[in-house]
Amino acid sequence: GCVGFYLIENFTLVDSWYFTTVLLTTTGYGDIVPVTRGGKLFATVYLLVGGTILLNNMSLISMIPLELRKRRIERAVLTQFGDSLDDDALRELATGPLIQRLSL
Numbered sequence: 005g006c007v008g009f010y011l012i013e014n015f016t017l018v019d020s021w022y023f024t025t026v027l028l029t030t031t032g033y034g035d036i037v038p039v040t041r042g043g044k045l046f047a048t049v050y051l052l053v054g055g056t057i058l059l060n061n062m063s064l065i066s067m068i069p070l071e072l073r074k075r076r077i078e079r080a081v082l083t084q085f086g087d088s089l090d091d092d093a094l095r096e097l098a099t100g101p102l103i104q105r106l107s108l
């Protein structure tokens, strides 16, 4: 994004970096704006593509604590039951009194 605005809009590197950051964070101060058609088109496409990638990465990062918790629970169950967990024991774990009490 920074290089695109540098080349298309003739922004300085600092202004290009600043505008790219403002654009992706949707802050929109309005102090620096693209004025050419190419710059406006590039900003629109860049926001759609870059914003999608940014949001996807943020959602992946936000899932890390949930994945760690899931692995910790799986490890605890496997440590407790090992390979001896049969279908009836699994059903009891999934629908037993603790699960009902926790309303899971």
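For what it's worth, our numbering labels the leading residue of the sequence shown as 5, then goes sequentially. Every residue gets a Cβ at the ideal spot worked out from N, C-alpha and C, and that includes glycine.
For residue i, report the span of its alpha helix (DSSP H) as first-last.
i	result
Glu13	Looking at the DSSP string, Glu13 is not in any alpha helix (DSSP H), and its letter there is neither H nor E.
Met62	Arg41 to Ser66
Rounded to the nearest angstrom, what separates residue i and residue j at their Cα positions?
i	j	result
Arg79	Leu51	41 angstroms
Ser20	Cys6	5 angstroms
Leu106	Phe9	54 angstroms
Thr24	Pro38	11 angstroms
Glu94	Gln84	Reading off the sequence, residue 94 comes out as Leu, not Glu. If you take the alpha carbons of Leu94 and Gln84, they lie about 12 angstroms apart.
Ser63	Leu70	11 angstroms
Just to check my reading of the structure: residue i and residue j have Cβ atoms closer than 8 angstroms, yes? What is that Cβ distance to the nearest angstrom?
i	j	result
Tyr22	Ile36	7 angstroms
Three Cβ pairs or more, each shorter than 8 angstroms: is that satisfied between the region 46 to 63 and the region 28 to 37? yes
Across the region 34 to 49 and the region 68 to 78, are there enough close Cβ pairs to call them in contact, namely three or more that are closer than 8 angstroms? The region 34 to 49 vs the region 68 to 78: no contact.
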